[in-house]
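*Asks:*
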Amino acid sequence: MDIVVCLALIVLAAVFIFSSFIMFLMCQRRAQFFKEQVSIPLKFSKLRNENSDTVVQLSPLVAQILENNQWIYDVSGLLQHCVAILKLSHSVIEKLAKISLNSINEQLNESILIATHRIMPRFDDLIKTLATKQVDVRLLEARASSLVSASWALALPFTIICPKAVDFLNESLNEMEKHMEALRFVVDHAENYFNDNVDSNSKNSPLHTIIEESFITNHSDRDTDKKSAIAEEAPSDPQVDNTQ
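Here you go:
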């Protein structure tokens, strides 16, 4: 009888130890997961505080942000335009970093410094918005527009310093504007559609979520199907039949 009791106690002790070990591992993994989640925004804030007084210093910082956030290259639909704007902005900064600034007046130098300081916050804001699970598409368009405007402001002084750089800068900047036009089109289309069909006070408005690539095509197809169905079901005009 004593042997049975001892075996039972040993089994219970083994189960208790094993359960405690499993619980310890689960708590450790959970704590590590939340630690990684919290460390993501800290990465952005640290980069924002880095010294970026010149375009030469700014270029590697922007490259580091893109390298640390490889997930942006896996997005689809509307977000692809935002990623293209991020890459084009980095391309513009890389081109500007190669231009020599040995002899420029104080006013132009001050304009470049102000524009340089504005780029990093705009870059960070757009990436943070892309990382949000649910985002108002109007906010996404506004953040992208701010980055494009900051890129233009940074490039303009360099067109005065180096007129030869106008052509290759305009190519990248104009391509950024094309992506902005696509974003504005989606925002305008979404607002017009849902103002006509959905109460503006509705909490389920898709303007508060990411509009995917199929948004416009799906709704345009539905409109076309509705019109064709109405045309097929509508009876012919009796006056027209009598005249015939």
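Per full-length UniProt numbering, the sequence shown starts with residue 1, numbered consecutively. Every residue, glycine too, gets a C-beta built ideally from N, C-alpha and C.
In its own chain, which residues sit with a C-beta less than 6 angstroms from the C-beta of LEU101, not counting the 5 before and 5 after it?
*Replies:* none
*Asks:* Does the contact criterion of 3 or more C-beta pairs under 8 angstroms hold for the region 164 to 182 versus the region 108 to 126?
*Replies:* no
*Asks:* Under the assumption that ARG118 contacts ALA153 (Cβ atoms under 8 angstroms), give the Cβ distance between them as a whole number of angstroms.
*Replies:* Indeed they touch by this definition, with Cβ atoms about 7 angstroms apart.
*Asks:* Is the CB-CB distance between PHE127 and ILE85 below 8 angstroms?
*Replies:* The residue you asked about is not Phe; residue 127 is Ile in the sequence shown. No, they are not a contact pair.
*Asks:* Identify, in the order they occur along the chain, each residue of the same chain with its Cβ nearer than 6 angstroms to the Cβ of ALA115, setting aside the five sequence neighbours on each side.
*Replies:* The residues are ALA153, LEU154.
*Asks:* Are the CB atoms of LEU79 and VAL186 nearer to each other than 8 angstroms?
*Replies:* no
*Asks:* Check this for me: beta carbons of ILE93 and SER59, under 8 angstroms apart or not?
*Replies:* yes
*Asks:* Grab me the residues of SER200's own chain with a C-beta within less than 7 angstroms of its C-beta, minus the 5 sequence neighbours each way, in chain order.
*Replies:* In this prediction, SER200 has a pLDDT of 46, which is less than 50 and means its spatial position is unreliable; what the coordinates show is noted afterwards. Cβ within range, chain order: n/a, list empty.
*Asks:* May I ask you to report which of helix, strand or coil DSSP gives ASN102?
*Replies:* coil
*Asks:* Smallest Cα separation from residue 259: which of ALA150, VAL135, GLN28?
*Replies:* Summary: the structure shown does not reach residue 259, with the chain confined to residues 1 through 244, and so no result is reported for it.
*Asks:* Please state whether the Cβ-Cβ distance between VAL135 and ALA190 is less than 8 angstroms.
*Replies:* no
*Asks:* Which residues in the same chain as LEU88 place their Cβ atom closer than 7 angstroms to its Cβ, once the five residues preceding and following it in sequence are excluded?
*Replies:* For LEU88, where only same-chain residues beyond five positions count, the Cβ hits under 7 angstroms are SER172, GLU175, MET176.
*Asks:* Please tell me whether MET120 and SER145 are closer than 8 angstroms, where the distance is taken between their beta carbons.
*Replies:* no
*Asks:* Is the beta carbon of residue 246 less than 8 angstroms from the beta carbon of HIS90?
*Replies:* Any answer about residue 246 is impossible in this case: the structure gives the chain only from 1 up to 244.
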